[in-house]
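See structure below.
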Amino acid sequence: MNPGINLRDPSKGNEVVIEIDNVKKQYRLGTIGGGTLKGDLQSWWARVRGKEDPNTKIGSKVYAKNEKFMALNGVSFSVRKGETIGLIGGNGAGKSTLLKLLSRVTAPTEGEIRIRGKVSSMLEVGTGFHPELTGRENVYLNGAILGMKRAEVDERIEDIIDFSECRQFIDTPVKRYSSGMFVKLAFSVAAHLNSDIMLMDEVLAVGDMAFQRKCIDKMVSVARDEGKTIIYVSHNMQTIRQLCNRAIVLRKGEVIFNGDVEEGIGIYLRNDEVTAKIFNDFSGLHRYNFLTDKVLMDSLEVLDKDMCRFTDDEKIRFRLNMHCNEDVERLSLRFMIHNSDQVVTATSVCSDFMSCKKGESYSRVFELDVSPLASGVYKVLPVLFELGELGEVIDCDGVYPGLVFEHEKTTRLDWKSKLYGDTTLEDMVCIE
Amino acid sequence: MKQNTDEWTTVIRPKAGWFDIDLKDIWHYRDLIVMFLKRNFNSAYKQTILGPLWFLINPLLSSSMYTIVFGQIAKISTDGVPQFLFYLCGNTAWGYFSSCLSSTASTFTGNAYLFGKVYFPRLVSPITTVIYALLSFSIQMLVLVVSMVIFAVRGEPVHPNWSLLLLPVMIAQMALMGMGFGIIVSSVTTKYRDLSILVGFGLHLWMYGTPVVYPISQVQSIAPGLVKLIWLNPVAPIINNFRYALLGCGSFNTYYWLISWGVTAVVLFLGVLIFSKVERTFMDTV
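First to last, the sequence lines map onto chains A and B.
First residue of the first sequence? That's -5 in the working numbering, and the numbers climb one at a time after it.
First residue of the second sequence? That's 1040 in the working numbering, and the numbers climb one at a time after it.
Encoded structure:
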């Protein structure tokens, strides 16, 4: 969807630089961290005497010695030089574990990873930054931690400072930096590493929007012009689209998709049970206390679609099922649409669509046009409210996210949501 | 799929070989050692008034204390050397060894956050620590030398001799042995935190098993049976020879010193072995 960036895929036919071969990573549950010598001796002594282990919680099987958890369960794929891979998946899918293995922070339980070239990992911005040191000293320190020699940092220091936009403060201790300046400087170091392979965990979402845009541009050029290989983990599909030319989707420690970015994102959104569902069941969900509970939503179902993905000319049609605990006049519905940063972008209201009687259940179908929205994934907070005589609003029920959908907007230009915002107003007309 | 493994820069496998440490890798990261040293120095004294002067006050105070307690009150012999110098000398040497040990002992637990985020050869950390400890040691050596000059000018018996040339070897040995013990402790503490409490206490006891506040000759005259035992303490010959080289008291012992070197080699080898085994997965247990 980004013709400006992803048209060329220069990596075809390049040599393989990373080969991941049936890698598994197992964590032991429960027993981790319980390491005091006394505890282990007690357990051992109890076993020797054939008695019950005093450190096992009564009736709990959770603390059994053999309880295992596979964070990665047989992952295999390979990466060619110059590729930018987007690693996506829900929480706990194993993305970060895989990056940790690749960056050698911890070792796999099974399998083998073969790497050609120098790897540097950014699992976080500003690892090892010391608050007492000045910006410049921290650039050297961070560079060294990430594997650069002093001479290499010397060569790049001017570029790093320029990129960070912190020149004025570069000889001030970083403890006096604003958090924005801090991450800008930290990211700048990483962006100027001389390694062949870069592993990044959600680190591009730093600083203000202009800087984020700059970071992504920098990484795109690093991959395209310098032939570096990037593996990027993110929950932000927009960044994945902008940066990556291949997506790998993980779920429960397994690769479920490996290929085209758009397709991968689609599969991720469809598979991620918590998010993009057609049928959203609200019964039994916790509600906020300030809601009156006069009317409760039971479910929200998207109609005529098998996945929550909408193009320009499609309207979202959905059925809302609800039940009424108290009589309500002028019942209304409000759809508060949040963008990927969890910020309200737009709201649509259907006021006074019915009155309801205590004890009854209702089912209504609504239609919503989301075409002014820019491309992206949105989460909706649907709120049922009572519209008072004087236009006052009394909220009855709300569930977040009540609906997650993806909107695909065709614009003539590459719409940069981070810069332009999430709403695309009607095109202006030149009248004179 | 058969791949020629030589082509790959890095191959990550579940289990490493028995002695899988990459010294070249550590050498490659030498700039990191320098940066860590700078960081430690800057951060330790940036907001203190006296700064590195604290290194001076510590040995001067404790040596004065020893002079009063062991020299004046307990009247332990110091082989004819001025008491203050005797204690200052032993203290300086022991101080270096014990700070090497105690500060490398927290390598894993103290750096867990950093180690969890980025890879570099983990041995870089204890090596940095040991080199950093040299800073305070050299300042203390300076104090010692100045005191020696003062005492010598006043005509007290101070006899530095040619075995001074072996001083660098002794210092290196203390660093290696301190680090060896330290990284063993740090490896074990990733699982059993108890040990880290034991370190401070253990070092305290160890000091009394080492001729720091007494000369070997004193043991010889009071409990001759213990002499051999004390000599077998691997730090004892180093402290003894260190003091002989600088002050000329007692005698230089080569035999036990060589044994002590043997112990150093074994401890260091074992330490690096356990350390490199633990470093691969300690993030999962720490």
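Backbone N, C-alpha and C define an ideal beta-carbon position, used for all residues, glycine too.
Quantities reported herein were computed from a predicted structural model and do not represent experimental measurements.
Minimum Cβ-Cβ distance from residue i to chain A less than 8 angstroms
{"i": "P1053(B)", "result": "yes"}
{"i": "R1282(B)", "result": "no"}
{"i": "V1224(B)", "result": "no"}
{"i": "W1047(B)", "result": "yes"}
{"i": "L1162(B)", "result": "no"}
{"i": "S1082(B)", "result": "yes"}
{"i": "K1085(B)", "result": "yes"}
{"i": "T1143(B)", "result": "no"}
{"i": "R1193(B)", "result": "no"}
{"i": "D1070(B)", "result": "yes"}
{"i": "D1323(B)", "result": "yes"}
{"i": "T1320(B)", "result": "yes"}
{"i": "S1050(B)", "result": "Here the sequence assigns Val to residue 1050(B), which means Ser is not the residue at that position. By this cut-off, V1050(B) is an interface position."}
{"i": "M1187(B)", "result": "no"}
{"i": "M1104(B)", "result": "no"}
Minimum Cβ-Cβ distance from residue i to chain B less than 8 angstroms
{"i": "H186(A)", "result": "no"}
{"i": "K352(A)", "result": "no"}
{"i": "Y134(A)", "result": "yes"}
{"i": "E118(A)", "result": "yes"}
{"i": "I461(A)", "result": "This structure leaves residue 461(A) out entirely; chain A is present only between -5 and 426."}
{"i": "S411(A)", "result": "no"}
{"i": "E320(A)", "result": "no"}
{"i": "T121(A)", "result": "yes"}
{"i": "K143(A)", "result": "yes"}
{"i": "S90(A)", "result": "no"}
{"i": "Y57(A)", "result": "Note on Y57(A): pLDDT 44, under 50, position unreliable in the model; no value is reported."}
{"i": "Y414(A)", "result": "no"}
{"i": "E267(A)", "result": "The pLDDT assigned to E267(A) is 46, lower than 50, so where the model puts this residue is not dependable; a value taken from the coordinates is nonetheless given after this. No, its Cβ sits nowhere closer than 8 angstroms to a Cβ of chain B."}
{"i": "L179(A)", "result": "no"}
{"i": "H229(A)", "result": "no"}
{"i": "E196(A)", "result": "no"}
{"i": "E126(A)", "result": "yes"}
{"i": "L384(A)", "result": "no"}
{"i": "Y226(A)", "result": "no"}
{"i": "L95(A)", "result": "yes"}
{"i": "R74(A)", "result": "no"}
Pair within 8 angstroms by beta-carbon distance, residue i and residue j
{"i": "V1050(B)", "j": "R108(A)", "result": "yes"}
{"i": "H1197(B)", "j": "L1089(B)", "result": "Residue identity check: residue 1197(B) is Val in the sequence provided, not His. In this structure, L1089(B) does not lie closer than 8 angstroms to V1197(B) by Cβ."}
{"i": "L297(A)", "j": "H317(A)", "result": "no"}
{"i": "V377(A)", "j": "G392(A)", "result": "yes"}
{"i": "L367(A)", "j": "T417(A)", "result": "yes"}
{"i": "E400(A)", "j": "R303(A)", "result": "yes"}
{"i": "S349(A)", "j": "R313(A)", "result": "no"}
{"i": "V387(A)", "j": "E248(A)", "result": "no"}
{"i": "G105(A)", "j": "N16(A)", "result": "yes"}
{"i": "V1258(B)", "j": "I1269(B)", "result": "yes"}
{"i": "F1136(B)", "j": "M1209(B)", "result": "no"}
{"i": "L66(A)", "j": "R207(A)", "result": "no"}
{"i": "S90(A)", "j": "D195(A)", "result": "yes"}
{"i": "L1153(B)", "j": "G122(A)", "result": "yes"}
For residue j and residue i, believed in contact at Cβ under 8 angstroms, the rounded distance
{"i": "E118(A)", "j": "K1156(B)", "result": "5 angstroms"}
{"i": "D1070(B)", "j": "A138(A)", "result": "5 angstroms"}
{"i": "P1254(B)", "j": "G1289(B)", "result": "5 angstroms"}
{"i": "L285(A)", "j": "C390(A)", "result": "6 angstroms"}
{"i": "G129(A)", "j": "D153(A)", "result": "Not confirmed; about 14 angstroms, so no contact."}
{"i": "N315(A)", "j": "S357(A)", "result": "5 angstroms"}
{"i": "S72(A)", "j": "I155(A)", "result": "That pair is no contact at about 37 angstroms."}
{"i": "F1321(B)", "j": "T1229(B)", "result": "4 angstroms"}
{"i": "S1175(B)", "j": "F1094(B)", "result": "4 angstroms"}
{"i": "I1222(B)", "j": "T1293(B)", "result": "At roughly 28 angstroms, the Cβ-Cβ gap does not stay under 8 angstroms, so I1222(B) and T1293(B) are not in contact."}
{"i": "L397(A)", "j": "V364(A)", "result": "With a Cβ gap of about 11 angstroms, L397(A) and V364(A) do not count as contacting."}
Any non-hydrogen atom of the ligand NAD within 7 angstroms of residue i CB
{"i": "E323(A)", "result": "As far as ligands go, the structure on display features none, and thus does not contain the ligand NAD."}
Beta-carbon neighbours of residue i, restricted to chain D and to distances below 7 angstroms
{"i": "A138(A)", "result": "This model lacks chain D altogether, as its protein chains are A and B."}
**OP:** Scan the stretch 1148 to 1160 of chain B for residues whose Cβ lies nearer than 9 angstroms to a Cβ of chain A and list them as they occur along the chain.
**Re:** Y1152, L1153, F1154, G1155, K1156, V1157, Y1158, F1159
Subject >> chain B contacts from the stretch 98 to 113 of chain A (Cβ-Cβ distance under 8 angstroms) >> reply: Under the 8 angstroms Cβ criterion, the stretch 98 to 113 of chain A contributes R98, V99, T100, A101, P102, T103, E104, G105, E106, I107, R108, I109, R110, G111, K112, V113.
Subject >> Segment contact flag, the stretch 1135 to 1149 of chain B with the stretch 1294 to 1303 of chain B, C-beta cutoff 8 angstroms, min 3 pairs >> reply: no
Original post:
With contact counted as at least three CB pairs below 8 angstroms, one residue from each stretch, are the stretch 130 to 147 of chain A and the stretch 196 to 214 of chain A in contact?
Top reply: no
Original post:
Three or more C-beta pairs closer than 8 angstroms, one from the stretch 73 to 83 of chain A and one from the stretch 222 to 240 of chain A: is that the case here?
Top reply: At 8 angstroms Cβ cutoff, the stretches touch.
Original post:
Given 8 angstroms as the limit, is there contact between the stretch 1157 to 1176 of chain B and the stretch 1212 to 1228 of chain B, that is, 3 or more CB pairs closer than that?
Top reply: yes
Original post:
Would you call the stretch 139 to 147 of chain A and the stretch 184 to 192 of chain A touching, i.e. three or more CB-CB distances under 8 angstroms?
Top reply: yes
Original post:
the stretch 1198 to 1211 of chain B: which residues have C-beta closer than 9 angstroms to a C-beta of chain A, in chain order?
Top reply: Of all residues in the stretch 1198 to 1211 of chain B, none has a Cβ within less than 9 angstroms of some Cβ in chain A.
Subject >> chain B contacts made by the stretch 150 to 175 of chain A, where a contact means CB separation under 7 angstroms >> reply: none
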